[in-house]
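In full-length UniProt numbering, the protein residues as written are 1 to 239.
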């Protein structure tokens, strides 16, 4: 199956206030593997970026002044997303903005040309045992992908493509069957109390765990992908 992890950056909090999309970032997954066939587009929103939004993503009005309009790239976006299943963190936000943009240029809603349903990783995380009232992408990435990750040092600002790649890695982990290892402490404690045992008395040696190692070809492909992504976001990364 072809799935697209998607994120947007915008001029403000709500499309209902006529805020616009200024960046679209997409990361392609096919049959559970990252392909490197990503999409990143910046747009001229034809309006000012709110100061609070600027603090989040750092994308200035000056930077966007010479970028294409969303309508100029709408057909390219539709072709890229067509028949794919979308994976989004807090899907209502991004879907609302993208459908608003599509409506402004006379295009059909996303739901008419993608593979439904859309997967919301915030809801998927809850289904997999994460019980925080607020489930952020940063927290999921730290818990599932890289426990040494620190937002303030590893990434100072949000970016749609970077977020989409992080989202893809989180989504793969959530679907890998390994995520139960990363359940939050509160959820583990509640489950242990209810069942009458603690995590300390579980004998892992009795579990039939299969170790799968990456081949030399897969490692080489991964390194090539990381090099390409580092070039795209103009920042060296090491995953």
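A virtual CB, placed ideally from N, CA and C, is assigned to each residue, including glycine.
Less than 7 Å between C-beta atoms, sequence neighbours within five positions excluded: which residues of the same chain meet that for residue 107?
Taking the chain shown and counting its residues from 1, the one referred to as residue 107 is at position 107. Closer than 7 Å at Cβ, skipping near neighbours: 74 and 78.
Cutting at 8 Å between CB atoms, please list the residues of its own chain near residue 88, excluding the five before and the five after it.
Numbered from 1 along the chain shown, position 88 holds the residue referred to as residue 88. The residues are 5, 6, 7, 94, 95, 118, 119, 120, 121 and 167.
When you compare only the Cα positions, how much space is there between residue 56 and residue 142?
One-based indexing of the chain shown puts residue 56 at position 56. One-based indexing of the chain shown puts residue 142 at position 142. Roughly 19 Å between the two C-alpha positions.
Ignore the nearest five residues each way along the sequence and tell me which others in residue 97's own chain have a CB closer than 7 Å to its CB.
Looking up residue 97 in the chain shown gives position 97. Taken in chain order, the residues that qualify are 8, 10, 15 and 21.
Closer than 8 Å by C-beta to residue 48: which residues in its own chain qualify, once you throw out the five before and the five after it? Chain order, please.
By one-based count along the chain shown, residue 48 stands at place 48. Excluding residues within five positions, the ones whose Cβ falls inside 8 Å are 11 and 61.
Can you tell which of 135, 223 and 25 has the C-alpha that lies nearest to the C-alpha of residue 90?
Locating residue 90 in the chain shown gives position 90, where the first residue counts as 1. Of the candidates 135, 223 and 25, the one whose C-alpha sits nearest the C-alpha of residue 90 is 135.
Would you mind stating whether residue 70 and residue 105 have Cβ atoms separated by less than 8 Å?
Stepping through the chain shown from its first residue, residue 70 is reached at position 70. Stepping through the chain shown from its first residue, residue 105 is reached at position 105. Yes; because the gap between Cβ atoms is below 8 Å, this pair is in contact.
With distances taken Cα to Cα, identify the nearest neighbour of residue 160 among 41, 80 and 111.
Counted from its first residue, the chain shown places residue 160 at position 160. Ranking 41, 80 and 111 by Cα distance to residue 160 puts 41 first.
Please classify residue 18: does DSSP put it in a helix, a strand, or coil?
Within the chain shown, numbered from 1, the residue matching residue 18 stands at position 18. Residue 18 falls in the coil class under three-state DSSP.
Can you tell me where the beta strand (DSSP E) holding residue 10 begins and where it ends?
Translated into the one-based positions of the chain shown, residue 10 becomes position 10. Where residue 10 is concerned, the enclosing beta strand (DSSP E) stretches over 2-10.
Find the nearest neighbour of residue 137 within the set 45, 125 and 129, judged by alpha-carbon distance.
Here residue 137 refers to the residue found at position 137 when the chain shown is read from its first residue. Of the listed residues, the one whose Cα sits closest to residue 137 is 125.
Buried or exposed for residue 169, please, with buried defined as at least 16 other CB atoms from any protein chain shown within 10 angstroms of its CB.
On the chain shown, residue 169 is found 169 positions in, with the first residue counted as 1. Looking at its Cβ environment, which holds 16 or more other Cβ atoms inside 10 Å, residue 169 is buried.
Out of 133, 128, 149 and 220, which one is the CA nearest neighbour of residue 173?
Here residue 173 is taken as the residue at index 173 of the chain shown, counted from 1. Here the closest residue by C-alpha is 128.
Can you check which of these residues, 34, 44, 52 and 50, is closest to residue 65 by C-alpha distance?
Here residue 65 corresponds to residue number 65 of the chain shown, with the count starting at 1. The candidate whose alpha carbon is nearest that of residue 65 is 44.
Compute the distance between the beta-carbons of residue 175 and residue 32, then report whether it is under 8 Å.
On the chain shown, position 175 is the one that residue 175 refers to. On the chain shown, position 32 is the one that residue 32 refers to. Cβ distance < 8 Å, so residue 175 and residue 32 count as in contact.
Span of the alpha helix (DSSP H) holding residue 144?
The residue you call residue 144 lines up with position 144 of the chain shown. Residue 144 -> alpha helix (DSSP H) spans 137-144.
Between residue 115 and residue 148, what straight-line distance do the alpha-carbon atoms span, to the nearest angstrom?
What you label residue 115 is simply residue 115 of the chain shown in a count that begins at 1. What you label residue 148 is simply residue 148 of the chain shown in a count that begins at 1. The alpha-carbon atoms of residue 115 and residue 148 are separated by roughly 35 Å.
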